[in-house]
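Using our numbering, you'd call the opening residue of the sequence shown number -8 and step up by one each time.
Quick reminder that beta carbons are idealized off the backbone N, C-alpha and C, glycines included.
Comments concern the structure below.
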Amino acid sequence: MLKGHWRKRTLGLAILCAAVCLRPAAVRAQEDVNSLKAELQAQKQKQAELTDRINQLEARQKLKEKSLNEKIEQATAPKPEEKKADVIPESLKWASKLTWSGDLRYRYEYIDDDGADSEDRHRNRIRARLGLGVKVNDEWNLGFRIATGNGEVSGDPVSTNQTLDEAFSKKPFWLDQAYFGYHPQWFKGFTVLGGKMENPFYKVGKNELIWDSDLTPEGVALTYGLSLCEKTTLNWAAGGFWVNEESSGGDTSLWGIQAHLKHQFSKPTYLLGGAGWYDYGNIQGQESLAAEWNENTGAFFGNTKAGTVFALDYDLLELFAEFGAELAKLPVAVFGNYVQNTAANDEDTGWLVGLQVNKAKDPGSWQFEWDYRDLERDAVVGQFTSSDFIGGGTGGEGHRFALGYVLAKNVATNFTYYRNEFDRPGIEGEKYDRFQFDVAVKF
-8 MLKGHWRKRT LGLAILCAAV CLRPAAVRAQ EDVNSLKAEL QAQKQKQAEL TDRINQLEAR
52 QKLKEKSLNE KIEQATAPKP EEKKADVIPE SLKWASKLTW SGDLRYRYEY IDDDGADSED
112 RHRNRIRARL GLGVKVNDEW NLGFRIATGN GEVSGDPVST NQTLDEAFSK KPFWLDQAYF
172 GYHPQWFKGF TVLGGKMENP FYKVGKNELI WDSDLTPEGV ALTYGLSLCE KTTLNWAAGG
232 FWVNEESSGG DTSLWGIQAH LKHQFSKPTY LLGGAGWYDY GNIQGQESLA AEWNENTGAF
292 FGNTKAGTVF ALDYDLLELF AEFGAELAKL PVAVFGNYVQ NTAANDEDTG WLVGLQVNKA
352 KDPGSWQFEW DYRDLERDAV VGQFTSSDFI GGGTGGEGHR FALGYVLAKN VATNFTYYRN
412 EFDRPGIEGE KYDRFQFDVA VKF
């Protein structure tokens, strides 16, 4: 019985020992399984990351290969034939030396002249000009221009307007310019002009106190521009012009010289001043100059006459100045011009003051001008002064207002109004009003 008791006890202890020994092994096995699962999951994650990285590398490699292939294709592709520079045939090389220019102006005009017997006047006018410049060589050039105009014998020297009337008749063209220019390379800034040319004398504010803007004198002129220092320049012009040639007796001529200095302060501020001398030869005692181009008139345009000839000589002294600056971000210029006929004893002076605001250059830009002048009867030769102020000539005073606007490139409009008063015997104190509206197109 005692032996059986020990057997049972020994068996229980064996079972207990086995249980104690077997339990940790099971736990360890489960932990090993869990660790294996975690490691497997980590391996999967790394494999996914590695796959994604490989895909990215493959995509980049494809882009590089595509770019490289495109460059190789561009480099190996046959190049198109390069465009050959235009070659001017020898027979047409003269055409490259030509420069064309021209313009057409349409004008509506209203005139209220209390000094005339006629009623108020309304008229439409055109001005057409066509110019050709020719470069002969590095030192010589030629210039030609034809223009419309009025005249029974030849064209009016101070107007290129042609009135639209006379039953749709054809309108004449006149030779307006024909000259040569010599610009010696050994004398920089010096020019010789010969023929029928643009007026070489400078006009402050482009005013017309002495010379109409359409006047193209005939003869020989010299011009020279010299830089005295960095900001100061000297310009002068001289000329001898043939006003009228007579088969018998003396010819009427004009000799002139003018000089002006310009000093440029900080841009756009500048100051300009100058003087001129103009001597008419053999004009006293001559018949009307207007009769040379219009046989139906013997007008003296306000100048004093003795019967049917000029009563006086004309030797003109001119002084002028101009000041330019910027005001409210707009370019502004004020100017003045004075002239005296030193060969006359009375009614011998003229003066003008003016203002210009802004510049009409680009589309949408505008320009305003104003001037006031007082021009006595024998201050200048009436034939060559403005053809619009008091209807042309001397013996008057008054205002001119102008407003220009650029509609488009090379297309502009302009409004001009003259409010003048006569100072001539017989019509002294009479009013003269003139309104003009222009549309001008040029190339």
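Whole-angstrom C-beta distance between residue j and residue i, which should lie under 8 angstroms
i      : j      : result
GLY247 : PHE192 : 7 angstroms
LEU343 : GLY355 : Rounded, the Cβ-Cβ distance is 30 angstroms, inconsistent with contact.
PHE380 : GLU189 : PHE380 to GLU189, Cβ: 21 angstroms. No contact.
LEU206 : PRO148 : 6 angstroms
GLY289 : ALA281 : 7 angstroms
Buried or exposed (CB count within 10 angstroms, at least 16 for buried), residue i
i      : result
SER150 : buried
GLN32  : exposed
ALA324 : buried
GLN347 : buried
THR58  : Strictly speaking, residue 58 in this sequence is Ser, with Thr absent from that position. SER58 should be labelled exposed.
ARG364 : buried
LEU89  : exposed
GLU130 : exposed
GLY417 : exposed
ASN401 : exposed
LEU321 : exposed
VAL372 : buried
ASP339 : buried
LEU83  : exposed
PRO208 : buried
LEU155 : exposed
VAL24  : exposed
LEU13  : Residue confidence for LEU13 is low, a pLDDT of 49 falling below 50, so the modelled location carries little weight and cannot support an answer.
Beta-carbon spacing of residue i, residue j below 8 angstroms
i      : j      : result
THR260 : GLY345 : no
GLY180 : LEU123 : no
GLY265 : HIS251 : yes
LEU245 : VAL211 : no
ASP269 : ASP304 : One detail in the question is off: residue 269 reads as Tyr in this sequence, not Asp. No, these two residues do not count as a Cβ contact at 8 angstroms.
ARG120 : ARG98  : no
GLY395 : TRP357 : yes
ASP353 : VAL397 : yes
TRP165 : GLY140 : yes
GLY386 : ARG410 : no
ARG368 : GLY293 : yes
TRP202 : PHE375 : yes
TRP284 : SER378 : no
ASN332 : LEU307 : yes
ALA229 : LEU213 : yes
GLY382 : ASP104 : yes
ALA302 : GLY341 : no
GLY267 : GLU313 : no
PHE434 : SER92  : yes
ALA319 : ALA351 : no
ASN152 : ARG112 : no
Inter-residue spacing [alpha-carbon to alpha-carbon] between residue i and residue j
i      : j      : result
PHE426 : LYS197 : 19 angstroms
ARG118 : PHE311 : 30 angstroms
SER257 : TYR215 : 25 angstroms
LEU27  : ASP43  : 24 angstroms
LYS422 : ILE274 : 31 angstroms
LYS55  : LEU48  : 10 angstroms
ASP167 : ASP94  : 14 angstroms
VAL125 : ARG96  : 25 angstroms
SER160 : TRP227 : 44 angstroms
VAL432 : ASP337 : 44 angstroms
VAL127 : TRP85  : 9 angstroms
PHE392 : PRO163 : 31 angstroms
VAL300 : ASN235 : 14 angstroms
PRO175 : ALA158 : 51 angstroms
ASN46  : GLN38  : 12 angstroms
DSSP three-state assignment for residue i, whether helix, strand or coil
i      : result
LYS433 : strand
ALA302 : coil
VAL348 : strand
THR42  : helix
ILE381 : helix
LEU280 : helix
ALA393 : strand
VAL78  : coil
LEU217 : strand
ALA107 : coil
PHE292 : coil
GLN176 : coil
GLY210 : strand
SER150 : coil
PHE375 : helix
VAL330 : strand
GLN275 : coil
LYS126 : strand
GLU317 : strand
The ligand COA heavy atom lying under 7 angstroms from the CB of residue i
i      : result
LYS179 : This structure simply doesn't include the ligand COA, nor any ligand for that matter.
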